[in-house]
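Read in full-length UniProt numbering, the sequence shown has 401 at position 401, and its numbers run on one by one without any break.
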Amino acid sequence: MSKKLTTNKGIPIANDQASTTTGEGSSRTILQDTELIEKLAHFDRERIPERVVHAKGAGAHGYFEVTNDLSKYTRAKFLEEVGKKTEVFVRFSTVGGERGSADAKRDPRGTAFKFYTEEGNYDIVGNNIPIFFIRDAIKFPDFVHTQKRHPETNLADADMFWDFLSLSPESIHQATFLFTDRCTPLNYRHMHCFSSHTYLWYNEKEEYVWVKYHFKTRQGIKNLTNDEAQKLCGENPDHATEDLFEAIEEGNYPEWDVYIQLMTPEEALEYKFDPFDVTKVWYHEDYPLIPLGKLVLNKNPENYFAEVEQVAFAPSNFVPGIGPSPDRLLQGRLFAYEDTQRHRLGPNHHQIPINQAKNAEVNNYQRDGPMNVGDNGGSGPNYYPNSQNGPEQDISFKPPAFEIQGVIDKHTRPVEDVDFVQTGEFWRRVLSDEDKEHLVYNLKVHLGNAQERIQYRQTALFYKAEPEYGIAVANALGLNIDKVEKLSKLSPEERKEATKA
Ligand code: NDP
Ligand code: HEM
Numbered sequence: 001m002s003k004k005l006t007t008n009k010g011i012p013i014a015n016d017q018a019s020t021t022t023g024e025g026s027s028r029t030i031l032q033d034t035e036l037i038e039k040l041a042h043f044d045r046e047r048i049p050e051r052v053v054h055a056k057g058a059g060a061h062g063y064f065e066v067t068n069d070l071s072k073y074t075r076a077k078f079l080e081e082v083g084k085k086t087e088v089f090v091r092f093s094t095v096g097g098e099r100g101s102a103d104a105k106r107d108p109r110g111t112a113f114k115f116y117t118e119e120g121n122y123d124i125v126g127n128n129i130p131i132f133f134i135r136d137a138i139k140f141p142d143f144v145h146t147q148k149r150h151p152e153t154n155l156a157d158a159d160m161f162w163d164f165l166s167l168s169p170e171s172i173h174q175a176t177f178l179f180t181d182r183c184t185p186l187n188y189r190h191m192h193c194f195s196s197h198t199y200l201w202y203n204e205k206e207e208y209v210w211v212k213y214h215f216k217t218r219q220g221i222k223n224l225t226n227d228e229a230q231k232l233c234g235e236n237p238d239h240a241t242e243d244l245f246e247a248i249e250e251g252n253y254p255e256w257d258v259y260i261q262l263m264t265p266e267e268a269l270e271y272k273f274d275p276f277d278v279t280k281v282w283y284h285e286d287y288p289l290i291p292l293g294k295l296v297l298n299k300n301p302e303n304y305f306a307e308v309e310q311v312a313f314a315p316s317n318f319v320p321g322i323g324p325s326p327d328r329l330l331q332g333r334l335f336a337y338e339d340t341q342r343h344r345l346g347p348n349h350h351q352i353p354i355n356q357a358k359n360a361e362v363n364n365y366q367r368d369g370p371m372n373v374g375d376n377g378g379s380g381p382n383y384y385p386n387s388q389n390g391p392e393q394d395i396s397f398k399p400p401a402f403e404i405q406g407v408i409d410k411h412t413r414p415v416e417d418v419d420f421v422q423t424g425e426f427w428r429r430v431l432s433d434e435d436k437e438h439l440v441y442n443l444k445v446h447l448g449n450a451q452e453r454i455q456y457r458q459t460a461l462f463y464k465a466e467p468e469y470g471i472a473v474a475n476a477l478g479l480n481i482d483k484v485e486k487l488s489k490l491s492p493e494e495r496k497e498a499t500k501a
């Protein structure tokens, strides 16, 4: 039998198909119809602000299972023994588009995981790419503006997109990844996921190591070509959302093998690259992948808004045994996510069911605020310290202490030759001939829309990473190769001067 239709206060509704009016035909509606007013007023407020980035996404429930015991490196309880399973919720997304934008657009794919552990919720908020465009959080808002709409035309704009990237040469590695077919994945199941950043793991003895996470798809990597992706954007803007939902509905559960790379503090001091620089990877040869577990998605959300739209991931959500590294980009992210969620969902967003610490108790002295739907601490004390049996701190959870020396300043980080090395390696060692052909074509289609002086500046960066790469792009764009080579030898300031409007 169907349930009884009610108002939001549980009052039965006699007629939900007609407003209360003064007559049978065309007539006035009276203010007294509070059922109508409640329904319209609630509808008027249905939209919450969309995420400022990663607005379009799809999500699913599943579990993480430990397959390798690495508990000597971390005290995190959910990693303590082989076979241990933890509930997870995952959200995949594109980055730049709005909530209704197409899933097939060229973009990194966001890959956010919430682990509901017995020590609270732990989030890994990464991408399908192991690196990032910039490495200082202060540049992020400018970067995002260039990927979105032009302030005057409200259109995507190749000039501002490439102007920013070519004037931020640390982006060269990720800009290259972005224009491979990995950034038009077939769907969300056929791609890897990476933490990208380096994180801290520590054990009960306060010994620590640095780690990076890699989630390798068991479905195999599958991508769309640029032309296939563009066509799909028009034909089915929700293709990846649909694919994930249908695969899980059919019992075809997607799975990822989860690995870490692990570096000791001593090794970090000596590594050939800054190990905390998010524009670079740790070479597999130096730091091979160590198995950790597997991740399975086996349940669709029942309600998109309640779960996928309201879920709040934050790189600052750590559990004991895991913490941040001195990666400058990550340091900014530790603030930005909770901050945006206080605005997007409210200060009590942790009380929304999808965000609750399902497997851990929440006890503290924070109280009140809008949309407080918990017991708000009941009759217990709302201050600490107290002598009334309130929740107590526990020093045994203290993370390791770090000695810091330094000079506080706005330390500008220059872009150096070393920042081009991995892009060169990627071109020479990793990309197949077909991958290179697609990369150059994809760049031509997009960079070709920017002003010629910006094309020159960006192509000079590709040349600096690997002359063969720069020449291939220059030929595709019809640029003068001598000029590209000359520009590649200039400092960033000289290059900017030589290519200004
Ligand atoms: P390896 O030479 O040991 O392995 C190459 C890596 O690249 C594998 O992880 C491979 O895994 C991945 N890969 C292959 N084709 C592509 C592609 N078209 N787009 C993106 N990734 C691809 O790597 P190294 O550690 O020696 O690093 C060499 C270069 O490889 C780096 O400079 C970086 O550009 C790139 N790379 C490195 C990664 C790392 O974490 N070390 C991760 C990914 C890329 P798979 O095909 O399963 O994705
Ligand atoms: C979402 C900021 C870098 C991955 C977001 C959101 C903000 C944000 C404000 C919206 C969150 C929400 O509304 O819930 C930033 C800032 C960055 C940064 C300030 C740099 C300083 C990165 C990097 C990655 C990343 C480097 C990947 C390695 C994601 C993902 C989401 C997201 C996956 C979507 C989470 C979800 O599905 O809800 N980011 N971001 N971001 N970001 Fe970032």
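The beta carbon of each residue, even a glycine, is placed where N, CA and C say it ideally should be.
These numbers were taken from a predicted model, which means no experiment stands behind them.
Just checking, does the stretch 199-219 make contact with the stretch 453-471 on the three C-beta pairs under 8 Å criterion?
At 8 Å Cβ cutoff, the stretches do not touch.
Under 9 Å between the Cβ atoms of L289 and Q261?
Yes, they are a contact pair.
To the nearest angstrom, report how far apart G3 and I13 are at their CA atoms.
Before going further, note that residue 3 is Lys rather than Gly in the sequence given. So the alpha carbons of these two residues sit roughly 12 Å apart.
For the ligand HEM, any of its heavy atoms closer than 8 Å to the Cβ of N430?
The question names Asn, but residue 430 is Val in the sequence shown. V430: no, Cβ never under 8 Å from the ligand HEM.
Exposed or buried, Y365, counting other C-beta atoms within 10 Å across all chains shown (16 or more means buried)?
So Y365 ends up on the exposed side.
The beta strand (DSSP E) spanning Q261 covers which residue range?
Run containing Q261: 255-263, per the beta strand (DSSP E) assignment.
Let me know if S168 comes out buried or exposed under the rule of 16 or more other beta-carbons within 10 Å of its beta-carbon.
S168 should be labelled buried.
Would you call the CB atoms of I454 and D163 closer than 9 Å?
In this structure, D163 lies closer than 9 Å to I454 by Cβ.
Between V484 and the rest of its own chain, which residues show a CB-CB distance below 7 Å, the 5 nearest in sequence each way excluded?
Correct list, in chain order: Y456, T459, A460, Y463, G470, A474.
From C193 to N223, what distance separates their C-alpha atoms?
The C-alpha of C193 lies about 14 Å from the C-alpha of N223.
I'd like the list of long-range same chain contacts for V281, defined as Cβ closer than 7 Å, with 5 residues on each side in sequence excluded.
Cβ neighbours of V281 beyond the five flanking positions: P130, I131, Q422.
Between the CA atoms of N128 and C183 - distance to the nearest angstrom
The alpha-carbon of C183 is positioned some 8 Å away from that of N128.
In the structure shown, what three-state DSSP assignment does K500 receive?
The three-state secondary structure of K500, taken from DSSP, is coil.
Tell me where the beta strand (DSSP E) around W201 begins and ends.
Element bounds for W201: 199-202.
Express the C-alpha separation of L490 and K496 in angstroms, rounding to a whole number.
Roughly 9 Å between the two C-alpha positions.
Pull up the CB-CB distance for N300 and A60, whole angstroms please, since I reckon it's below 8 Å.
Beta-carbon to beta-carbon, N300 and A60 are separated by about 6 Å, close enough to satisfy the 8 Å threshold.
How close, in whole Å, do the beta carbons of I48 and R344 come, if the pair is a contact with beta carbons under 8 Å?
With 8 Å as the limit, I48 and R344 qualify as a contact, their Cβ atoms being about 6 Å apart.
Which one or two residues does DSSP pair with T67 in a beta bridge?
DSSP links T67 through a beta bridge to no other residue.
Looking at the structure shown, is F89 part of a helix, part of a strand, or coil, going by DSSP?
Secondary structure at F89: strand, using DSSP grouped into helix, strand and coil.
Length at least 4, wholly inside the stretch 423-471: the alpha helix (DSSP H) runs in chain order:
Within the stretch 423-471, the runs of alpha helix (DSSP H) at least 4 residues long that lie entirely inside it are, in chain order, 433-447, 452-465.
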